[in-house]
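Colleague: Questions regarding the structure given below will be posed in turn.
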Amino acid sequence: MLQKTRGIALSYIRYRETSIIARVYTEEFGLQNYIINSVRTAKSKNNRIALFQPLTLLDMVVYYKDDRDLSRLSEVKTSHPFQSLPFDVAKSTMAMFVMELLNKVLKEEAGNPILFRFLVDSVLFLEEARTNYENFHLAFLLKLSFFLGFGPESAREFESQLRENAYPFLPDNEMETALNTLLRQPIGTPIKLARAARNELLDALVAYYQIHIDTIGEVKSLPVLREVLG
1 MLQKTRGIAL SYIRYRETSI IARVYTEEFG LQNYIINSVR TAKSKNNRIA LFQPLTLLDM
61 VVYYKDDRDL SRLSEVKTSH PFQSLPFDVA KSTMAMFVME LLNKVLKEEA GNPILFRFLV
121 DSVLFLEEAR TNYENFHLAF LLKLSFFLGF GPESAREFES QLRENAYPFL PDNEMETALN
181 TLLRQPIGTP IKLARAARNE LLDALVAYYQ IHIDTIGEVK SLPVLREVLG
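Here it is in structure tokens:
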């Protein structure tokens with residue numbers, strides 16, 4: 001049955017000689033895998049493979065059956081062509097990190113419109129921001145944790161959960177204030193964090209996710225993100 005849905009491209013793998021299997025988080029059906037034929041050829045129309053780069057926002061018409069692990073697309077286009085995200089080193093590094101985490105934590109094969117809206121709004125913020133996005137990845141992880149069921153209510157609770165799991169996180173007053181602001185204010189709220197403090201909080205957030213989702217394992221994009229953004 002043909003269905004319309006919006007989606008967020010998460011990743012893709014090569015399939016056979018010219019095709020890919022794309023992983024997409026959709027508004028209507030949650031996490032889905034789609035096979036897209038003939039996109040890895042010189043004759044591929046309109047460079048369709050670019051539609052499945054990290055966090056691309058999609059409008060799709062799909063063949064949907066709830067008992068299939070692999071579906072097909074009838075139509076696909078981007079709903080918001082990126083102008084800065086793929087070309088800004090800091091933004092693209094954040095996008096790779098966010099994409100990797102989402103691939104690890106999103107499991108539901110059911111629609112969650114509120115979560116989908118949060119993800120779209122977050123991607124659009126990162127694409128459109130000209131300033132105050134250096135802490136985007138930190139705010140994003142904190143706010144996403146509430147959708148996943150383990151969001152901390154305060155910096156003190158965050159610290160307590162880490163210490164209970166033998167992670168040595170001891171924020172000073174400045175870090176605690178920054179953490180509470182990240183928790184309670186919209187993404188993009190100006191926050192002053194030194195490079196070392198930003199790295200420390202990033203590592204603590206990844207550890208916090210690993211405590212609550214034991215299948216996360218190694219986050220391969222973390223060293224690059226730490227180096228680029230700090």
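Oh and the sequence shown: position 45 is 45 in the UniProt record's numbering, straight run, nothing missing.
Glycine residues also receive a C-beta, built at the ideal position from the N, C-alpha and C atoms.
Select from V224, T78, S160, E164 the residue whose C-alpha is nearest the C-alpha of V120.
Modeller: The residue with the shortest Cα to Cα distance from V120 is T78.
Colleague: Please identify the residue among R23, E27, E28 whose C-alpha is closest to the C-alpha of Y34.
Modeller: Closest option to Y34, Cα to Cα, is R23.
Colleague: Go ahead and label K65 buried or exposed: buried means 16 or more other beta carbons lie within 10 angstroms of its beta carbon, across all protein chains shown.
Modeller: Classification of K65: exposed, given that the 10 Å Cβ count is below 16.
Colleague: Tell me the rounded alpha-carbon separation between A9 and D203.
Modeller: The alpha-carbon atoms of A9 and D203 are separated by roughly 25 Å.
Colleague: In terms of residues, what are the limits of the alpha helix (DSSP H) holding E17?
Modeller: No alpha helix (DSSP H) contains E17, which DSSP labels as neither H nor E.
Colleague: Using 8 Å for Cβ pairs, my map puts L222 next to L138. What's the rounded Cβ distance?
Modeller: So it is not a contact: roughly 13 Å between Cβ atoms.
Colleague: In whole angstroms, give me the CA-to-CA distance for R226 and S74.
Modeller: For R226 and S74, the distance between alpha carbons rounds to 39 Å.
Colleague: Go to M60, then tell me how far its beta strand (DSSP E) extends in each direction, as first and last residue.
Modeller: That run of the beta strand (DSSP E) goes 57-63.
Colleague: How long is the line joining the alpha carbons of R68 and T56, rounded to whole angstroms?
Modeller: Near 24 Å, if we compare the C-alpha coordinates of T56 and R68.
Colleague: By the 10 Å Cβ neighbour count, where 16 or more other Cβ atoms means buried, how is K107 classified, buried or exposed?
Modeller: Counting Cβ neighbours within 10 Å, K107 comes out exposed, since fewer than 16 surround it.
Colleague: Thinking C-beta only, is L142 closer than 7 Å to K91?
Modeller: Cβ atoms of K91 and L142: not closer than 7 Å.
Colleague: Count the other C-beta atoms from every protein chain shown that fall within 10 angstroms of the C-beta of residue 231, then say buried if there are 16 or more, exposed otherwise.
Modeller: Residue 231 lies beyond the residue range present for the chain, which begins at 1 and ends at 230; the question has no answer from this structure.
Colleague: Which residue wins for smallest C-alpha separation from G149, given the options A178, I213, A166?
Modeller: The shortest C-alpha separation from G149 is found at I213.
Colleague: Residues in its own chain within less than 6 Å of M175 by CB, not counting five upstream and five downstream?
Modeller: Cβ neighbours of M175 beyond the five flanking positions: A197.
Colleague: For I49, decide whether its Cβ has a neighbour in chain B, counting only Cβ atoms nearer than 7 Å.
Modeller: No chain B is present in this structure, which holds just one protein chain.
Colleague: Counting only runs that start and end within the stretch 143-172, where is the alpha helix (DSSP H) found for 4 or more residues in a row?
Modeller: For the stretch 143-172, whole alpha helix (DSSP H) runs of length 4 or above, ordered along the chain, are 155-164.
Colleague: Going by the DSSP bridge assignment, what does V76 pair with across the sheet?
Modeller: DSSP lists M60 as partners of V76.
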